[in-house]
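Trainee: Note that the first sequence covers residues 28 to 601 in this note's numbering.
Using N, Cα and C, we set each Cβ at its ideal position, and we do this for glycine too.
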Amino acid sequence: MAPILCTPTSQLSSESNAAQTLHLLQRCSNMEELRQIHGQMLKTGLILDEIPASKLLAFCASPNSGSLAYARTVFDRIFRPNTFMWNTMIRGYSNSKEPEEALLLYHHMLYHSVPHNAYTFPFLLKACSSMSALEETQQIHAHIIKMGFGSEIYTTNSLLNVYSKSGDIKSARLLFDQVDQRDTEALNLFHRMQTAGIKLDNVALVSTLQACADLGVLDQGKWIHAYIKKHEIEIDPILGCVLIDMYAKCGDLEEAIEVFRKMEEKGVSVWTAMISGYAIHGRGREALEWFMKMQTAGVEPNQMTFTGILTACSHAGLVHEAKLLFESMERIHGFKPSIEHYGCMVDLLGRAGLLKEAEELIENMPVKPNAAIWGALLNACHIHGNLELGKQIGKILIQVDPGHGGRYIHLASIHAAAGEWNQAARVRRQMKEQGVSKLPGCSVISVNGTAHEFLAGDESHPQIKEIDHMLEQIVERLREEGYKPKLGDLLLDLEDKEKETAIHHHSEKLAVTFGLISTKPGMTIRIVKNLRVCEDCHTVIKLISKVYAREILMRDRTRFHLFKDGNCTCGDYW
DNA sequence: ATAGGGTTAG
């Protein structure tokens, strides 16, 4: 069949015919009818008319009609589809299971020099967002600027959304790397949006704040809060919730409380965000107070509130209180505990050393245990040196979760702690054979608004010489205080001396050391680590907090540690 | 014809 060239005014179709077909298309409700209309259009030549053809396409490609393939056959036969038609197809694929097809269409569109309009990019970026295509997003971003859509509100909000959402840290990093590299796209985006007088609305702000919370970048978060105040944006319940969460996760609970205080409508989710905030800071007693205050204020807790409060109890070792709450969930509030709640309880019992009880809970609970449940128990075995059970659980976990590097590392270090070096090596081999890699530990410290990132053994920092020198001094000084490096479960095939060197160059030690050289005495050092803090580092940082009279606030994978006068708020359980 | 919202166990 010959390709069809649509024209705005087709000679072949009478006006009344066109009007009638449009009417039919508008009322069309299923594919069968549509096929008939399509047939008629082909017969009468109306398919050559741009508007009816566009409508036909839009119907086929709309998300709920579910006949994208049909739309494609129609589209492919049109000789020179107009911008609307291209957009329609891109939109269709962006909502489909093959969003990459949207990108391909976009390439064709570029190739054929079809002009873009304001609708093109939001559809395209949606496709990027659903496939986490960060590199493509950057390229498209460049096109957006080049083609002059850089200040179009839908387009910029879509961009912001992809950047803050695609692939957890990577994307958001791009947004916030501006601290280091002033030229990154995202900073430009923010700047351009501001200079163009574009206001970020609540929804855009929510995603941006979430990125801040994930990364723990307090400065950025504050900047956005300031933006909200400056533009007098109303803090609705969701924005408030995320703002509180951001402050809590960035280590500034006091500011979270301020936000809470100023909010007019305090629903259960806002209270829950506060309670969860106290939880990750290990401030369990206060979390309980808030939990009570909430109910006094007439707000009923929901399932998530219980997750929050049980986590708070867990991190603070409040076993008795947690048991009462757990029991009251169903009896008083009518909630059946979910797997998350059981997870909290297993974690809580395990941390408290009540391994037997934790195991019993798992056996008797009405839901099938998942990887998180076993993970909590495994962690407890590790903390309390229950090697036998630990090895058992470790094996189960590797079966349940074979692609998760952390599981192998955990099991291997349990073997190592038992002095079973061969076994430890075997687990590591197994991990290698499975092609599983360990997520590298990474610590970030912000100094004067600049983020400095350290990996273990990282030599790339411009001041690395100074840091190394200081680190040596620190270790010397701490040895005088009785510090001995804990090499016990270090898994490298190295001599002790080399192991020491390795352990002393863990990312968190590098970050703390850098903090000591680059901030004024007495200033709190703030660090965010992507994994759990290592045991030796935990000991060293406690000592540093005493010897160098510094407060060090560190967020690791699970919670905050506030090191002060030689102690840590986690009470050495984490 | 347009994009995008929330707090939760390990």
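Between the alpha carbons of R456 and L589, how many angstroms are there, rounded?
Mentor: The straight-line gap from Cα to Cα measures roughly 36 Å.
Trainee: Suppose the cutoff is 7 Å on Cβ atoms and the five residues either side in sequence are ignored; what does the same chain contact list for D210 look like?
Mentor: Any reading at D210 must be qualified, since the residue scores a pLDDT of 33, below 50, and its modelled position is unreliable; no value is offered.
Trainee: Hey, would you say S185 sits closer than 8 Å to K153, going by beta carbons?
Mentor: Result yes, Cβ atoms of S185 and K153 sit closer than 8 Å.
Trainee: Checking 8 Å against the spacing of the C-beta atoms, do L337 and H308 come in under that value?
Mentor: Not in contact: L337 and H308 (Cβ atoms no closer than 8 Å).
Trainee: With distances taken from CA atoms, which of G370, A398, V394 and N397 is nearest A385?
Mentor: Answer by Cα proximity: G370.
Trainee: Suppose you measure from the CA of H347 to the CA of M392; what does that come to, to the nearest Å?
Mentor: Cα to Cα, the separation comes out at about 19 Å.
Trainee: Might you give, ordered along the chain, the residues of its own chain that have their beta carbon closer than 8 Å to the beta carbon of H65, omitting 5 neighbours on each side?
Mentor: Closer than 8 Å at the Cβ level, and outside the excluded window around H65, lie I74, L83 and V101.
Trainee: Using the C-alpha atoms, what's the distance from L280 back to H496?
Mentor: Cα to Cα, H496 sits roughly 35 Å from L280.
Trainee: Suppose the cutoff is 6 Å on Cβ atoms and the five residues either side in sequence are ignored; what does the same chain contact list for D583 look like?
Mentor: Excluding positions up to five away in sequence, the list reads K556, R559 and V560.
Trainee: I'd like the list of long-range same chain contacts for G380, defined as Cβ closer than 7 Å, with 5 residues on each side in sequence excluded.
Mentor: If we look at G380 and ignore the five residues flanking it on each side, its Cβ neighbours are H411.
Trainee: Measuring CA to CA, which of F353, L187, P90 and N57 is closest to P149?
Mentor: Measuring from the Cα of P149, the nearest candidate turns out to be L187.
Trainee: Near A339, what residues of its chain come up, given a Cβ to Cβ distance below 6 Å and the 5 sequence neighbours on each side ignored?
Mentor: Once the five neighbours on either side are set aside, the close Cβ partners of A339 are Y305, A306, G311 and A314.
Trainee: Can you give, in chain order, each stretch of the beta strand (DSSP E) that sits fully within the segment 461-496 and has at least 3 residues?
Mentor: The qualifying runs are 469-474 and 477-482.
Trainee: Taking the alpha carbon of A145 as the reference point, which residue from S94, Y181 and A240 has its own alpha carbon closest?
Mentor: Of S94, Y181 and A240, the residue nearest in Cα terms is Y181.
Trainee: Let me check one thing: in DSSP terms, what residues is I105 bridge-paired to?
Mentor: I105 is bridged to I31.
Trainee: Residues in the same chain with beta-carbon distance under 8 Å from L95, minus the five sequence neighbours each way, listed in chain order, please.
Mentor: So the list reads C87, A88, G119, Y120 and S123, once near-sequence residues are dropped.
Trainee: Here's a check: name, in chain order, each residue in its chain whose Cβ is nearer than 7 Å to the Cβ of A283, leaving out the five neighbours to either side.
Mentor: Here the set comprises I271, Y274, A275, M301 and G304.
Trainee: With a threshold of 16 other CB atoms inside 10 Å of the CB of L39, please say whether the residue is buried or exposed.
Mentor: Because the pLDDT at L39 is just 49, under 50, the model does not fix this residue reliably, and the point stays unresolved.
Trainee: Since I472 contacts I554 with CB under 8 Å, what's their CB separation in whole angstroms?
Mentor: Rounded, the Cβ-Cβ distance is 5 Å, consistent with contact.
Trainee: How about the segment 226-234 and the segment 247-258: do they share at least three Cβ pairs that are nearer than 8 Å?
Mentor: Contact between the segment 226-234 and the segment 247-258 is present, because at least three Cβ pairs lie under 8 Å.
Trainee: Hey, how far is the Cα of L388 from the Cα of V373?
Mentor: For L388 and V373, the distance between alpha carbons rounds to 7 Å.
Trainee: Taking the alpha carbon of M58 as the reference point, which residue from E447, A46, L232 and A85 has its own alpha carbon closest?
Mentor: Measuring from the Cα of M58, the nearest candidate turns out to be A85.
Trainee: Measuring CB atoms only, is the segment 458-468 touching the segment 502-513, in the sense that at least three cross pairs come out at less than 8 Å?
Mentor: With a cut-off of 8 Å, the segment 502-513 and the segment 458-468 do not count as touching, because too few Cβ pairs lie within range.
Trainee: Please classify G476: is it buried, with 16 or more other beta-carbons within 10 angstroms of its beta-carbon, or exposed?
Mentor: So G476 counts as exposed.
Trainee: T332 and V295: beta carbons closer than 8 Å?
Mentor: Yes, the Cβ-Cβ distance between T332 and V295 is below 8 Å.
Trainee: Take L202 and list the residues in its own chain whose beta-carbon comes closer than 7 Å to its own, dropping the five residues that flank it on each side.
Mentor: Low local confidence applies: a pLDDT of 42 at L202 is under 50, so the model's placement there is unreliable, and no value is given.
Trainee: Answer yes or no: do C469 and E486 have a C-beta to C-beta separation smaller than 8 Å?
Mentor: No, these two residues do not count as a Cβ contact at 8 Å.
Trainee: How long is the line joining the alpha carbons of C277 and P126, rounded to whole angstroms?
Mentor: Whole-angstrom Cα-Cα distance: 35 Å.
Trainee: Would you say I117 and A98 are within 8 Å of each other, going by their C-beta atoms?
Mentor: For I117 and A98, no; Cβs fall outside 8 Å.
Trainee: With a Cβ-Cβ cutoff of 8 Å, do P79 and L49 count as a contact?
Mentor: Yes, they are a contact pair.
Trainee: By DSSP, does L558 sit in helix, in strand, or in coil?
Mentor: Three-state DSSP puts L558 in coil, outside helix and strand.
Trainee: Classify S342 as buried or exposed, calling it buried when 16 or more other Cβ atoms lie within 10 Å of its own Cβ.
Mentor: This sequence places His at residue 342; Ser is not what is there. Under this definition H342 is a buried residue.
Trainee: Measure from the alpha carbon of I491 to the alpha carbon of each residue in V244, I359 and I544, then state which is nearest.
Mentor: It is I544.
Trainee: Can you give the Cα-Cα distance for T540 and P364, rounded to whole angstroms?
Mentor: Taking the straight line joining both Cα atoms gives about 44 Å.
Trainee: Nearest to E447 by CA position, among H565, L414, I568 and S178, is which residue?
Mentor: Among H565, L414, I568 and S178, the Cα nearest to that of E447 is on L414.
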